[in-house]
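S.K.: From first to last, the protein sequence lines are chains A and B.
Throughout the first sequence, residue numbering follows this note's numbering, covering 1 to 228 in sequence.
Throughout the second sequence, residue numbering follows this note's numbering, covering 1 to 532 in sequence.
Glycine included, every Cβ here is placed at the ideal spot set by N, Cα and C.
Just passing along the structure, written as structure tokens.
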Amino acid sequence: MEKPSTLFTGIFGAFILSCGAMVLLPNSQIGGLQPQVTWDEGQNSPSDVYPVKREDALGHRVGQGVFVENGCFYCHTQQVRDPQYGPDMERGWGVRRTVARDYIHEDVPLLGVSRLGPDLANFGSATWRNEPDDDTKKPAKRDAAWVFKHLYAPTTIVLDSNCPPYPYLFERKEVGEHPSPDAVEVNGNFQIVPTADARNLAAYLLSLDRTHELKEAPTVIKPKEAKK
Amino acid sequence: MTTTHYTLLSTSLAASAASAKPAPLAPAAAKPATKEQVTQRDIENVERALIDQSARGPVLTFFTTAIFWLLVSCVLGYIASRKLHSPNFVLGPEFLYRWLHIDGIMRSLFDHLNYGRVWPAYTTALIYGWCSLAGMGVATWMIGRLTRVSIQAPGILQWGAWFWNTGVAAGVITILCGYNSGLEYFEMHSAAKLCLFIGYLLIGVWGLILFRYKRTVAPYISVSYLVAAFFLFPWFFGSAAMLTSMHGLNGVMKNIVNVWYQGGLFNLWFGCIGIAAAYYFIPKVINRPIYSYNLAKIGFWSWVFLGGLTAMTRLSGGPVPAYLVTISIAANILLIIPIATLTVNFFQTMKGHTGSMAYSPTLRFVFVGTVFFSIAAALSVLGALRSVDSYTHFTPWAHGQTHAVLLGFFSMVMFGAIYYITPRLVGCEWLSRTFIKIHFFGTAYGGATIIALFLFGGLAMGFTLNEPAGDKVAFYNIPQNGGWCNVVKTYIGYVFFGVAQFVFAIHFLFMRLRIGQPAGEPTLFANPGEAH
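Take a look at the structure:
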């Protein structure tokens, strides 16, 4: 065995090397990333800023919180990779790869670890999944009502889905005078309506859109081309 | 210098192995011993018994609580695995809820237990509950033996253990109730992390202080590994906990810190403690020095330097600087050096003694653990290659890798160590060799089933995931995407593994109650000379 001093110096050196290469070095590079700001000539304010810090931050945060606490990110990633890594874009999950700048306003970016379900990086964009128009399974619109239906009973929308249902994001209420437009099920005098959590979650999901042009990640697939 | 090491090593090992208990195969008793040797041995025996007695309280606390978390993680692992292929599966039949009057908030809590909550609770209980506590217990005992001092003020270690346990309990319960930090293997609430850290400081710092009281330090490679593990863990854990809870840290840097921490956790915390234990127990049981001390040294330094650099392959293709992934791929390929040296060393040490595995439970568990180590490390190298990674990224393959470390390598070595240490602490031998056999088969084959099916399922899913099949999503429950792997993993892998752990827990409980064979003759799979 080495002398204690050699041992400790060596071990501490290993930590410094690891921390320096894996944390400090990337932090010096991407730690201070700012939004991309575009100025038009002769204007006093920028014509375009991306990504924008959300104004409805509280609702957005609550929605993201629901996403995290139910562990959605264990099955759904939120990152689109370059075509050389996999057919992410061909599947309609995005039009360009996502880069560090896409996530600068997020508290903890939910990059995700496995794709047991589809990627959600651009779930809120109009071109997400991008099925051909003649596809019978293609929903007319992926809006909040679609999300509620999916959350309440995923298999009614995707037959093979192994996404768990989230009945606790919904509550049973009397229909009364005004039946809710968001009711996922109406049973006699009762209807099942989404709770505030479900609404925030749907709002969060529909806000996910990372298709904005960025200079460091050129758009690979033009939405029109992909439709064929 | 090497020769000195060798002599020191072999004398100390020979003396210790031939003494007190480990007489499983040592032919030393047959040799007529001179008077001085006997006296020397007697002194050492008494000394060793005293050291063991001083370590008794904290080590048994570590083991008992670790085994409790092992059972918790077996149950949670089964539920998580089953939830993945049948998400509608409800815990227990409906009438049970009525009988037990589980309704209102309790019932609603059960409804909340989806894969997304049970899985992180499972990994937390497994990593921080079972593996870490068992590792610290074995390490405490080994430090006492290697430095030949009795543990001073063991109460401090006890307090550390309870702080740590409180942290794990708080972490697991809050995750099940719906708190998650969003960082894999680091999901616990900051308060739970703080609790763990305080517990660790009490244990680790006290361990390092004890080191100063050392009478001799056996010139042994296990010491280096233990020092590395106990020194590096708080640095990785503390800085990762601090950095990820900081608001100043920008976007994906938190994911980078998280993955960096995972590398430290698996390679340098579990890896180092596991290797230290393997290097301690294999030579001890077969009564023979390790094959090459120089190889062990090369293995140690390359492992410590590369271990912290390999993790970033988890982020390949992600929104992070590309050189991070490149560094990790290079580090993974260089990892062949420590893997080769460690594998050669373990196998060459065992050469000609593999037959002893038929008798000694400790040896069988620890050696199978080192085989799993080689497999797990080779998987890490293989999985880092771009061509393999393109099929396995974002699939359960990654869980296969972590389970090969946690269930295959680390747990096996810890079981072996616990089978060796516990009789020396409680004063009686394990009750039943059948229990140990059941435990071994369930752990080895159940664990191997879990690992293999994670890997195969991951590959099968990866092939579909890699097809640009437009609408087709690679749902893991579809048979051709590896769905059958998950079903078999649940009903065979986790059931076998879990049953074995319950048998082990009962066996350990018997030991705590001092129900066992009379002390003196270790409980072996078969007595030497007996046909088996």
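#1: Using a Cβ-Cβ cutoff of less than 6 Å, which residues in the same chain neighbour B:G144 once the five nearest sequence positions on both sides are dropped?
#2: Taking all protein chains shown into account, decide if A:C72 is buried (16 or more other Cβ within 10 angstroms of its Cβ) or exposed.
#3: Of all the CB atoms in chain A, is at least one closer than 8 Å to the CB of B:W269?
#4: Assuming contact is defined by CB atoms lying nearer than 8 Å, are B:L226 and B:A276 in contact in what I supplied?
#5: Taking the alpha-carbon of B:A330 as reference, which of B:A384, B:P289, B:I492 has the nearest alpha-carbon?
#6: Compare the C-beta of B:T181 against all C-beta atoms of chain A and say whether one is closer than 8 Å.
#7: Buried or exposed: where does A:E177 fall if 16 or more other Cβ atoms within 10 Å of its Cβ makes it buried?
#8: Note down the Cα distance separating B:A500 from B:F441, rounded to an integer number of angstroms.
#9: If A:Q59 and A:N200 are in contact, beta carbons under 8 Å, what's the gap, nearest whole angstrom?
#10: Would you grab the beta carbon distance between B:F62 and B:L133 for me? Rounded to a whole angstrom, and I think it's under 8 Å.
#11: So is A:A217 buried or exposed if we call it buried at 16+ other beta carbons inside 10 Å?
#12: Give the residues from the stretch 94-128 of chain A that approach chain B closer than 9 Å (Cβ to any Cβ), ordered along the chain.
#13: Taking C-beta pairs closer than 9 Å, name the residues in chain A that B:H403 reaches, listed in chain order.
#14: B:A30: buried (16+ other C-beta within 10 angstroms of its C-beta) or exposed?
#15: With three or more beta-carbon pairs closer than 8 Å as the criterion, would you say the stretch 145-155 of chain A touches the stretch 172-188 of chain A?
#16: Just the chain B side, please: which residues come within less than 9 Å of A:G176 by C-beta, in chain order?
#17: Along chain B, which residues have their Cβ under 9 Å away from the Cβ of A:D82?
#18: Can you name the residues that DSSP bridges to A:E185?
#19: Bridge partners of A:A217, per DSSP?
#20: State yes or no: is the beta carbon of A:G71 nearer than 8 Å to at least one beta carbon in chain B?
#21: So who's on the other strand from A:F170, going by DSSP bridges?
#22: Considering only DSSP beta bridges, list what A:D56 is partnered with.
#23: Does B:C131 pass the burial test, meaning 16 or more other C-beta atoms within 10 Å, or should it be called exposed?
#24: Since B:T140 sits in a beta bridge, which residues does DSSP pair it with?
#25: Which value, in whole angstroms, describes the spacing of the CA atoms of B:R117 and B:A228?
#26: Return yes when the Cβ of A:G92 is within less than 8 Å of the Cβ of A:R129, no when it is not.
#27: Quick check on this structure: which residue in B:L431, B:Y122, B:R107, B:H101 has the alpha carbon closest to the alpha carbon of B:K83?
#28: Is it right to say B:Y323 is buried, meaning 16 or more other beta carbons lie within 10 angstroms of its own, or is it exposed?
#29: Specify, as a first and last residue, the run of the alpha helix (DSSP H) that A:D271 falls within.
#30: Compute the Euclidean distance between the alpha carbons of B:T349 and B:F525, then round it to the nearest angstrom.
#31: Can you give me the Cβ contacts of B:E429 inside the same chain, cut-off strictly under 8 Å, excluding the 5 residues immediately before and after it?
#32: Tell me whether the beta-carbon of B:L306 lies closer than 8 Å to the beta-carbon of B:P338.
#33: Verify whether the separation of the beta carbon atoms of B:G317 and A:Y85 is less than 8 Å.
#34: Quick check on B:V75 - is its C-beta less than 8 Å from some C-beta in chain A?
#35: Can a CB atom of chain B be found closer than 8 Å to the CB of A:Q29?
#36: Hey, B:Y280 and B:M142: beta-carbon distance below 8 Å or not?
M.R.: Taking the structure as given:
#1: Your numbering for residue 144 of chain B matches position 144 in the second sequence. Excluding positions up to five away in sequence, the list reads I51, A55, I151.
#2: To locate residue 72 of chain A, count along the first sequence from 1; it is residue 72. A:C72 is buried by the Cβ-count criterion.
#3: On the second sequence, residue 269 of chain B is found 269 positions in, with the first residue counted as 1. Not a single C-beta of chain A is nearer than 8 Å to the C-beta of B:W269.
#4: Here residue 226 of chain B refers to the residue found at position 226 of the second sequence. Here residue 276 of chain B refers to the residue found at position 276 of the second sequence. Yes, the pair counts as a contact, with Cβ atoms nearer than the cut-off.
#5: Along the second sequence, one-based indexing puts residue 330 of chain B at 330. If we check each option's Cα against that of B:A330, B:A384 comes out closest.
#6: Within the second sequence, the letter at position 181 stands for residue 181 of chain B. Correcting the residue identity first, residue 181 of chain B is Ser in this sequence and not Thr. For B:S181, the answer is yes, since a Cβ of chain A falls inside 8 Å of its Cβ.
#7: The residue labelled residue 177 of chain A in the question sits at position 177 within the first sequence. A:E177 should be labelled exposed.
#8: The count along the second sequence starts at 1 and reaches residue 500 of chain B at position 500. The count along the second sequence starts at 1 and reaches residue 441 of chain B at position 441. Approximately 8 Å between the Cα atoms of the pair.
#9: Your numbering for residue 59 of chain A matches position 59 in the first sequence. Your numbering for residue 200 of chain A matches position 200 in the first sequence. Checking the sequence, you will find Gly at residue 59 of chain A rather than Gln. Contact holds; Cβ gap of about 5 Å.
#10: Start at 1 with the first residue of the second sequence, and residue 62 of chain B comes out as number 62. Start at 1 with the first residue of the second sequence, and residue 133 of chain B comes out as number 133. Correct: roughly 5 Å between the Cβ atoms.
#11: Along the first sequence, one-based indexing puts residue 217 of chain A at 217. Classification of A:A217: buried, given that the 10 Å Cβ count is 16 or more.
#12: R97, T98, V99, A100, R101, D102, Y103, I104, H105, E106, D107, V108, P109, L110, L111, G112, V113, S114, R115, L116, G117, P118, D119
#13: Sequence index remark: in the second sequence, residue 403 of chain B carries index 403 (1-based). Listed along the chain, the chain A residues whose CB falls inside 9 Å of the CB of B:H403 amount to none; the nearest CB is some 14 Å away.
#14: Along the second sequence, one-based indexing puts residue 30 of chain B at 30. Interpretation of B:A30 is limited by its pLDDT of 42, a score under 50 that renders its predicted location unreliable; no figure is taken from the coordinates.
#15: Here the stretch 145-155 of chain A lies against the stretch 172-188 of chain A, with 3 or more beta-carbon pairs under 8 Å apart.
#16: Reading the first sequence from its first residue, position 176 is the one you call residue 176 of chain A. Near A:G176 there are no residues of chain B at all, since even the closest Cβ is about 24 Å away, more than 9 Å.
#17: Position 82 of the first sequence, counting from 1, holds the residue named residue 82 of chain A. Under the 9 Å cutoff, chain B gives G317.
#18: Residue mapping note: residue 185 of chain A aligns to position 185 of the first sequence, counting from 1. A:E185 pairs with A:I192.
#19: As a working note, residue 217 of chain A is residue 217 in the first sequence. DSSP lists A:L214 as partners of A:A217.
#20: Numbered from its first residue, the first sequence carries residue 71 of chain A at position 71. It does; some Cβ of chain B falls within 8 Å.
#21: If you number the first sequence from 1, residue 170 of chain A lands on position 170. Per DSSP, A:P194.
#22: As a position in the first sequence, residue 56 of chain A is number 56, starting the count at 1. A:D56 pairs with nothing; no bridge assigned.
#23: The residue you call residue 131 of chain B lines up with position 131 of the second sequence. Buried, since its Cβ has 16 or more Cβ neighbours within 10 Å.
#24: Walking along the second sequence from the start, residue 140 of chain B turns up at place 140. Beta-bridge pairing links B:T140 to no other residue.
#25: Here the question's residue 117 of chain B lines up with position 117 in the second sequence. Here the question's residue 228 of chain B lines up with position 228 in the second sequence. So the alpha carbons of these two residues sit roughly 33 Å apart.
#26: Counting from 1 along the first sequence, the entry for residue 129 of chain A is found at position 129. Counting from 1 along the first sequence, the entry for residue 92 of chain A is found at position 92. Closer than 8 Å, so yes.
#27: Position 83 of the second sequence, counted from the first residue, corresponds to residue 83 of chain B. Ranked by Cα distance from B:K83, the options B:L431, B:Y122, B:R107, B:H101 are led by B:Y122.
#28: Reading the second sequence from its first residue, position 323 is the one you call residue 323 of chain B. By the 10 Å Cβ count, B:Y323 comes out exposed.
#29: No answer is possible for residue 271 of chain A: it lies beyond the span of chain A, which begins at 1 and ends at 228.
#30: The residue given as residue 349 of chain B occupies position 349 in the second sequence. The residue given as residue 525 of chain B occupies position 525 in the second sequence. One C-alpha to the other measures close to 21 Å.
#31: Counting from one through the second sequence, the residue named residue 429 of chain B turns up at place 429. P423, G516, Q517, P518, A519, G520, E521, P522, T523, listed in sequence order.
#32: Stepping through the second sequence from its first residue, residue 306 of chain B is reached at position 306. Stepping through the second sequence from its first residue, residue 338 of chain B is reached at position 338. By the CB criterion at 8 Å, B:L306 and B:P338 fall inside the cutoff.
#33: By 1-based counting over the second sequence, the position of residue 317 of chain B is 317. By 1-based counting over the first sequence, the position of residue 85 of chain A is 85. Yes. Within cutoff.
#34: Here residue 75 of chain B corresponds to residue number 75 of the second sequence, with the count starting at 1. It does not; no Cβ of chain A falls within 8 Å.
#35: If you number the first sequence from 1, residue 29 of chain A lands on position 29. Judged by the 8 Å Cβ criterion, A:Q29 is in contact with chain B.
#36: Here residue 280 of chain B refers to the residue found at position 280 when the second sequence is read from its first residue. Here residue 142 of chain B refers to the residue found at position 142 when the second sequence is read from its first residue. Contact: yes.
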